[in-house]
Amino acid sequence: MSHRISRRAMLQRSAAVGVGISVYVSGRAPAQSQSPNEKLNIGSIGAQGRGAANTRQVRSENIVALCDVDEKRLAKAAQAHPRAKTYIDWRELVDQNDLDAVVVSTTDHTHAPASVWAMNRGLSVYCEKPLAHSVYEARVMQEKYKQNQKKLATQMGTQMHATDNFRRVVELVQSGAIGPVREVHVWCGRKGLQDGERPKQTPPVPEGLHWDLWL
207 MSHRISRRAM LQRSAAVGVG ISVYVSGRAP AQSQSPNEKL NIGSIGAQGR
257 GAANTRQVRS ENIVALCDVD EKRLAKAAQA HPRAKTYIDW RELVDQNDLD
307 AVVVSTTDHT HAPASVWAMN RGLSVYCEKP LAHSVYEARV MQEKYKQNQK
357 KLATQMGTQM HATDNFRRVV ELVQSGAIGP VREVHVWCGR KGLQDGERPK
407 QTPPVPEGLH WDLWL
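Quick look at the structure:
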């Protein structure tokens, strides 16, 4: 008897850390696997910059949908994934019937809304950091995950912390191998970004950028 499970079943069983803002709940179900080797259908929200990098990391799966509020960036991403449907509004993307999961790489203030809309539709979510824009959003996201944890897998994009080396350290601490942890020293060798001045002018919205959706 084979004990292999489909990738979609793996997603359902490996649901981990909570992520989402309760808005609209859809009755749509995620795409269902017909073969243990069938690839996942991924939608990428935020097509360029960090979004392009994250999309490359899941290129072994089916990239079936792309979304960006900037038409030029969206067109560039579509060149790499010509079979993917394209969207300006991520709310339309998450309603695409053949999706299994989404990768959220938008501006920070839309991480929570996009993730929750996706989870409300039964989609697994990989969301870039920061997970949310406020403590309230983070709490709502956690609650939304708990409501769906039996069928969803979620992860926040703290890439360094997800590597094998850091995971091993977590295992050692949790197993008690080094004894009780009473003090932690943290060192960072680089300076953070400096706060810039507030703009004094109001330039026009760039052509092809859907400003209202960016907001």
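Residues 207 to 421 in my numbering are what the sequence shown spells out, letter by letter.
For every residue, glycine included, the Cβ atom is placed at its ideal position computed from N, Cα and C.
Taking Cβ to Cβ, would you say residue i is nearer than 7 Å to residue j?
i, j, result
"E277", "I248", "no"
"D295", "L378", "no"
"M325", "N371", "no"
"H339", "D301", "no"
"L299", "A258", "no"
"V264", "H416", "no"
Looking at the secondary structure, which residues open and close the beta strand (DSSP E) in which residue i lies?
i, result
"H272", "For the record, residue 272 in the displayed sequence is Leu; it is not His. Per DSSP, L272 belongs to the beta strand (DSSP E) from N268 to C273."
"V331", "S330 to C333"
"Q361", "T360 to M362"
Just curious, the alpha helix (DSSP H) that residue i is in, first and last residue?
i, result
"T261", "R256 to Q263"
"S321", "H317 to N326"
"L378", "D370 to S381"
"K406", "Run containing K406: none; DSSP gives neither H nor E here."
"E389", "Careful: E389 lies outside any alpha helix (DSSP H) and carries neither H nor E."
"V346", "V341 to N354"
Across which residues does DSSP place residue i in a beta bridge pair?
i, result
"Y293", "C273"
"I248", "I269 and A307"
"L415", "D276"
Please report the Cβ distance between residue i and residue j, rounded to the nearest whole angstrom; I am assuming they are in contact, meaning their Cβ atoms lie under 8 Å.
i, j, result
"L305", "L329", "6 Å"
"V331", "V308", "6 Å"
"S321", "R256", "15 Å between Cβ atoms; not a contact."
"K282", "Q254", "6 Å"
"G363", "E334", "4 Å"
"L337", "H367", "Wrong, their Cβ atoms sit about 13 Å apart, outside the cutoff."
"T261", "I269", "6 Å"
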